[in-house]
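To convert, note that position 214 of the sequence shown is 234 in my numbering; the numbers rise steadily by one, no gaps. Beta carbons are placed, not taken as given, at the ideal position from N, Cα and C, and that holds for glycine. Small disclaimer: the values here were computed from a predicted structure and weren't measured. Encoded as structure tokens, the structure appears first; notes follow it.
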Amino acid sequence: MSSSVTTLQAAERLGVHPSRVRALIAAGALLARRAGRQWLIDADSLDRHADLVAAGATGRSFAPRIAWAAAALCDGLDDGLTAADRYRLRSRLVHSADRDVDACALVRRWLSRRANSVDRYRVGERDLAQLLAADGVLATGISAASEYSLGLAAGGSADAYVNDQTRRELVEKFVLIDSARGNLTLRVTDAAPFDNAAAPRLIAGADLADDADARTRAAGCALINDALRAVREG
């Protein structure tokens, strides 16, 4: 997790009552961890939520399983949904451009619960390729840029989805060091299809669009729009 803020600080940042912050934590809209009797909120998660609210993307976020199913649906992958659920989800994705909200911001809001937690580590750059090739590691964000021909350089960083067991194994094998400014981001989820080379476009795009770098954000939004276009034309 990146640097953290208290519930009161988060409430001041969002201009809401602390009880609203606790509700956002319970809903999975904010990443947080317990420290004694209080919550510590991931500062990056808070910034992302504030940006989405400012963009007007205030709808309910998808459950993790639905977030990954939406991404699979856009890419023509197995989504694990019933026919009725698939129809409803496809309709929602197809009509995302009809709303008076930026589609990229809306998708980021919908997919805000795609990971249970986000952990950052420091690791030697020479180990990154081997780590990304390990079983149970799904490249995303900057590490999926080459898969989708985005023209972005990784710059000695890596980004991937893993389940919690794989995360623990990687920490031990590669001697990963916790670091809020680390060059490795591991996003923990049980909903991802770990047998693919890279995360689906909607997921990888959302991870890129959450980045602080403007060019990276633009590439992420372009990837999201490509995925939405595919489901509209499919």
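Here DSSP, grouped into helix, strand and coil, assigns serine 23 to coil.
Residue range 38-46 is occupied by the alpha helix (DSSP H) that includes valine 41.
Exposure of serine 169 is indicated by the presence of fewer than 16 other C-beta atoms within 10 angstroms of its C-beta. By the C-beta density criterion, serine 132 is buried, having at least 16 other C-beta atoms within 10 angstroms.
Alanine 135 and arginine 207 do touch by the CB rule: their CB atoms are close to 4 Å apart, below 8 Å.
Residue pairing for serine 137: DSSP places it in a beta bridge opposite Val208.
Bridge partners of tyrosine 107 according to DSSP: none are assigned. Annotation: the continuous alpha helix (DSSP H) that includes leucine 243 extends over 234-253. A straight line joining the alpha-carbon of glycine 240 with that of alanine 180 spans about 15 Å. Comparing alpha-carbon positions, the option among Gly156, Val143, Asn216 lying closest to leucine 196 turns out to be Val143. A distance below 8 Å separates the beta carbons of alanine 30 and valine 41. Boundaries of the beta strand (DSSP E) around valine 182: 178-182. Taken atom to atom, the span from the alpha-carbon of leucine 44 to that of valine 114 is near 27 Å.
Residue range 58-62 is occupied by the beta strand (DSSP E) that includes aspartate 62. Between the alpha carbons of asparagine 183 and proline 38 lies a distance of about 31 Å. Between serine 163 and alanine 154, the CB-CB gap reaches or exceeds 8 Å. By the criterion of a C-beta distance shorter than 8 Å, aspartate 71 is surrounded in its chain by Ala125, once the five residues flanking it on both sides are discounted.
Around the beta carbon of tyrosine 107, a 10 Å sphere encloses fewer than 16 other beta carbons of the protein chains shown; the residue is thus reported as exposed. Val157 is the residue among Asp147, Arg129, Val157 whose C-alpha sits nearest the C-alpha of asparagine 216. For a cut-off of 8 Å, the C-beta gap from aspartate 62 to valine 138 is around 7 Å, short enough to register as a contact. The C-alpha of threonine 27 lies about 8 Å from the C-alpha of glutamine 58. As a beta-bridge residue in DSSP terms, aspartate 198 pairs with Tyr141.
With a 10 Å radius around the Cβ and a threshold of 16 neighbouring Cβ atoms, threonine 102 comes out exposed. Within the model, the alpha-carbon separation for arginine 68 versus serine 24 is close to 14 Å.
For alanine 92, the uninterrupted alpha helix (DSSP H) run begins and ends at 84-94, by DSSP.
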